[in-house]
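Asks:
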Amino acid sequence: ILLTAPLRGVVVLLLAGFTWLLASALFGGDGSLSVRNIFTAEPHPRRYKCGLSAPCPPKHLAFRLVSGAANVIGPKICLEDKMLVSSVKNNVGRGLNIALVNGVTGELLETKTFDMWAGDVSNLLKFLRPLHEGTLVFVASFDDAATKLNDESRRLFEELGSTAVKELAFRDSWVFVGAKGIENKSPFEGYIKNVYKVTNKKFNYSHFRWE
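Laid out in structure tokens, this is it:
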């Protein structure tokens, strides 16, 4: 096949460039590219349940909680790689977002939201009082989770293992996993004081493993 002079020049340049890359890959060199980089893809990091950085041991529940940011970004509650509460599922609301889970089987029992700014705290009390022993309680705050809390509601959360609820104030960020009948304080709790009194731009991200 006859090639014009300009086309022959392009072919020569391409061959020269490829030869340089191949030589650099085989024998080393200052080039930043290599044949390995061109023809092989970097492996993706392994993903564990709920996006955790490590797997949970057998017979343990993997979960992740994310509180809401101000009144813009909704909270998330994930259990065993299943999203229980999120904006995508359209089951989040201002205040306290709660998921009840069977502590033995990991089965979701119920999800509910309680408006702690303009709602009635009696609805929260009616929800917490009859909990059965062994029920896991997952809580994630969104916007304001504290204004309507009274002494009894705070005490009920303390009985579930919370230590931060007694300090919870306007637009603080709070995530918590407790259980009815727990003997000690829960190790699965995250709390950040609202340092932005108006907008609460402080975003609380927490994830734990049930161990």
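Numbering (UniProt numbering), first residue to last: 1 to 211.
Think of the CB as a built atom: it goes at the ideal place given N, C-alpha and C, for glycine as much as any other residue.
Since the structure is predicted, the reported quantities are computational estimates derived from the model, not experimental observations.
When the Cα of K126 is compared with those of S153, E107, K166, which residue comes out closest?
Replies: Taking only the C-alpha atoms, the option nearest K126 is S153.
Asks: In angstroms with no decimal places, state the Cα-to-Cα distance between N123 and R46.
Replies: Roughly 42 Å separates the two Cα atoms.
Asks: Per DSSP, what are the beta-bridge partners of G95 in this structure?
Replies: According to DSSP, G95 bridges with F142.
Asks: For E158, collect the residues of the same chain with a Cβ closer than 7 Å to its Cβ; drop the 5 residues on either side in sequence, then sort them by chain order.
Replies: Cβ within range, chain order: V165, K166.
Asks: What are the start and end residues of the alpha helix (DSSP H) that includes K76?
Replies: From DSSP, K76 is part of no alpha helix (DSSP H) but of the beta strand (DSSP E) over 76-79.
Asks: So, at 7 Å on beta carbons, what are the nonlocal neighbours of V149 in its own chain, with the 5 sequence-adjacent residues on each side left out?
Replies: Looking at the sequence shown, residue 149 is not Val but Leu. Answer for L149: M116, V121, L168, listed in chain order.
Asks: Closest to S173 by CA distance: which of H132, L136, V195, L79 is it?
Replies: Nearest of H132, L136, V195, L79 to S173, Cα basis: V195.
Asks: For N97, is the classification buried or exposed, using 16 other Cβ atoms within 10 angstroms of its Cβ as the cut-off for buried?
Replies: Its Cβ being crowded by 16 or more others within 10 Å, N97 is buried.
Asks: According to DSSP, simplified to helix, strand and coil, what is R129?
Replies: Of the three classes helix, strand and coil, the one that applies to R129 here is coil, per DSSP.
Asks: Specify, as a first and last residue, the run of the beta strand (DSSP E) that E189 falls within.
Replies: Element bounds for E189: 189-192.
Asks: Taking CB distances under 9 Å as the criterion, tell me whether C56 reaches chain D.
Replies: Any reference to chain D falls outside this structure, which holds one protein chain only.
Asks: Which two residues bound the contiguous beta strand (DSSP E) that contains S173?
Replies: First-last of the beta strand (DSSP E) with S173: 173-179.
Asks: Are the CB atoms of E138 and L65 nearer to each other than 9 Å?
Replies: The sequence shown places Phe at residue 138, rather than the Glu named in the question. Their beta carbons are under 9 Å apart, which means F138 touches L65 by this criterion.
Asks: Per DSSP, A69 forms a beta bridge with which residues?
Replies: In the DSSP output, where bridge partners are listed per residue, A69 has I73.
Asks: Please name the residue, chosen from S162, F170, Y191, that lies closest to E183 on a Cα-to-Cα basis.
Replies: Looking at the Cα atoms, S162 is the closest of the given residues.
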